[in-house]
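Undergrad:
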Amino acid sequence: MLYLETATKCMKCEENNRTVTLAPCNHYVLCDSCATTVRECPYCQTPVQSQTSTSNVFCNGFVMRFNS
Numbered sequence: 001m002l003y004l005e006t007a008t009k010c011m012k013c014e015e016n017n018r019t020v021t022l023a024p025c026n027h028y029v030l031c032d033s034c035a036t037t038v039r040e041c042p043y044c045q046t047p048v049q050s051q052t053s054t055s056n057v058f059c060n061g062f063v064m065r066f067n068s
């Protein structure tokens with residue numbers, strides 16, 4: 001269960017849930033608050049060209065993302 005909790009937390013602040021998908025890398029690693037302050041993906045360091053807010057739906061222990 002600890003992995004599932006940490007896998008859904010923002011990579012930058014580690015407090016809020018992840019809610020943003022970054023493009024072009026498509027990594028889902030930031031919350032709305034932190035996404036406004038980054039210029040590159042914290043996971044792969046690819047420059048961010050756009051961001052999409054998403055919502056999480058938990059299903060059988062897996063995180064599924066849906067565009068909002």
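In full-length UniProt numbering, the protein residues as written are 1 to 68. We put the beta carbon where it would ideally sit given N, CA and C, even for glycine.
What ranges does the alpha helix (DSSP H) occupy inside the stretch 14-43, keeping only unbroken runs of at least 4 residues that lie completely in it?
TA: Here the runs fully enclosed are 32-35.
Undergrad: Compute the distance between the beta-carbons of LYS12 and PRO47, then report whether it is under 8 Å.
TA: Against a cut-off of 8 Å, the Cβ pair of PRO47 and LYS12 comes out as no contact.
Undergrad: Of all the options THR21, GLU15, THR8 and ALA7, which has the alpha carbon lying nearest to the alpha carbon of ALA35?
TA: The residue with the shortest Cα to Cα distance from ALA35 is THR21.
Undergrad: Which residues in the same chain have their Cβ closer than 8 Å to the Cβ of ALA23, if we skip the five residues on either side of it in sequence?
TA: VAL48, GLN49, SER50, GLN51 and THR52.
Undergrad: Could you tell me the distance, in whole angstroms, from the CA atom of GLU15 to the CA atom of CYS25?
TA: Answer to the nearest angstrom: the Cα atoms are 23 Å apart.
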